[in-house]
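Novice: Residue numbers (our numbering): 32 to 297.
Don't be surprised by glycine CBs; every beta carbon is placed ideally from N, CA and C.
Source: prediction; values computed, not measured.
Below you'll find the structure I mean.
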């Protein structure tokens with residue numbers, strides 16, 4: 032019980048609740064990616080891929096937490112510095128590199144899926160999100176991207192507390208919530224195919240946000256102008272606008288279809 036004595040205090044419990052909420056908010060874009068990636072395997076294995084991928088990622092996230100806690104300064108120490116005054120500057124570190132690579136991959140995935148949807152001739156029920164993957168490959172990509180998405184949340188957690196038990200408990204609880212929600216998000220997108228486009232564009236914005244964040248962490252600048260991170264409030268405002276526009280457009284489209292059907296009947 033001595034191992035858990037730092038957990039059952041009022042301050043630790045309050046911090047735990049805050050961390051769970053933080054993990055839940057930051058995990059939304061992760062769930063979108065997991066849903067898209069799992070569609071690449073056979074339908075009867077998709078739920079297993081999601082659950083196993085998230086489960087393994089939780090264990091690796093705990094390991095990542097330990098590594099970050101002991102090596103946080105090294106992760107922020109530049110390993111590549113290039114300064115061309117007035118033209119281009121960069122001080123690349125491991126943290127920035129991970130975020131930048133994650134952003135590029137997310138943008139690539141979103142753009143590829145958007146073009147795939149536009150090129151589809153058969154919109155039938157058996158739509159497959161791009162070329163198929165093996166179960167192992169899909170789980171590997173879910174784990175890798177889960178770690179990319181979790182990097183900032185772990186750093187945010189360390190800013191709130193240095194209690195490993197509190198942070199590990201928040202990771203395990205939020206991971207359980209992700210497993211519970213993953214099937215529901217995937218089933219919702221499967222039943223409401225029109226929202227797949229919305230999900231892909233949200234994922235695209237997530238990639239842009241990661242690129243901006245990575246560029247800021249690397250102190251990247253072009254022609255004297257530094258790359259600034261996208262504010263979280265701006266990100267969520269853009270997401271809210273996208274959702275509202277999609278809902279309004281969907282309802283307006285239904286009204287137009289109803290009017291056309293009524294006019295055709297007369």
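Who are the Cβ neighbours of residue 259 in its own chain at under 8 Å, not counting the five residues just before and after it?
Specialist: Position 228 of the chain shown holds residue 259. Within the same chain, residue 259 has close Cβ partners 243 and 247.
Novice: Need the endpoints of the beta strand (DSSP E) that residue 122 sits in, please.
Specialist: Position 91 of the chain shown holds residue 122. Taken as a continuous stretch (DSSP letters only), the beta strand (DSSP E) holding residue 122 covers 119-123.
Novice: Determine the DSSP secondary structure at residue 282, reduced to helix, strand or coil.
Specialist: Here residue 282 is taken as the residue at index 251 of the chain shown, counted from 1. In the structure shown, residue 282 sits in a helix (DSSP, three-state: H, G or I).
Novice: Let me make sure I understand the geometry here. Which of 167, 210, 103 and 232 has the alpha-carbon closest to that of residue 138?
Specialist: Locating residue 138 in the chain shown gives position 107, where the first residue counts as 1. Selected option, being the one with the closest Cα: 232.
Novice: Excluding five sequence neighbours on each side, which residues of the same chain lie with their C-beta closer than 6 Å to the C-beta of residue 237?
Specialist: For this step, residue 237 is matched to residue 206 along the chain shown. Answer for residue 237: 60 and 137, listed in chain order.
Novice: Compute the Euclidean distance between the alpha carbons of residue 75 and residue 144, then round it to the nearest angstrom.
Specialist: Locating residue 75 in the chain shown gives position 44, counting from the first residue. Locating residue 144 in the chain shown gives position 113, counting from the first residue. Whole-angstrom Cα-Cα distance: 21 Å.
Novice: Measuring straight from C-alpha to C-alpha, what distance separates residue 235 and residue 133?
Specialist: Along the chain shown, one-based indexing puts residue 235 at 204. Along the chain shown, one-based indexing puts residue 133 at 102. Their Cα atoms are separated by approximately 12 Å.
Novice: Just reading off the alpha helix (DSSP H) that residue 348 is part of, what are its end residues?
Specialist: Absent from the structure is residue 348, since the part of the chain shown begins at 32 and ends at 297.
Novice: For residue 230, count neighbouring Cβ atoms within 10 angstroms of its own Cβ and tell me buried if that reaches 16, exposed if not.
Specialist: Within the chain shown, the letter at position 199 stands for residue 230. Buried, because 16 or more other Cβ atoms sit within 10 Å of the Cβ of residue 230.
Novice: Quick check on the burial criterion: 16 or more other C-beta atoms within 10 angstroms. Buried or exposed for residue 289?
Specialist: As a position in the chain shown, residue 289 is number 258, starting the count at 1. With fewer than 16 other Cβ atoms within 10 Å, it is exposed.
Novice: By DSSP, does residue 262 sit in helix, in strand, or in coil?
Specialist: Here the question's residue 262 lines up with position 231 in the chain shown. If DSSP states are grouped into helix, strand and coil, residue 262 belongs with coil.
Novice: Starting from residue 114, trace the beta strand (DSSP E) both ways and give me its first and last residue.
Specialist: In the chain shown, the residue the question calls residue 114 occupies position 83. Here the beta strand (DSSP E) through residue 114 covers 111-115.
Novice: With a Cβ-Cβ cutoff of 8 Å, do residue 186 and residue 125 count as a contact?
Specialist: The residue labelled residue 186 in the question sits at position 155 within the chain shown. The residue labelled residue 125 in the question sits at position 94 within the chain shown. Not a contact, by the Cβ cut-off of 8 Å.
Novice: Which residue from 96, 41 and 92 puts its Cα closest to that of residue 189?
Specialist: As a first step, residue 189 is located in the chain shown; it is residue number 158 there, counting from the start. Measuring from the Cα of residue 189, the nearest candidate turns out to be 96.
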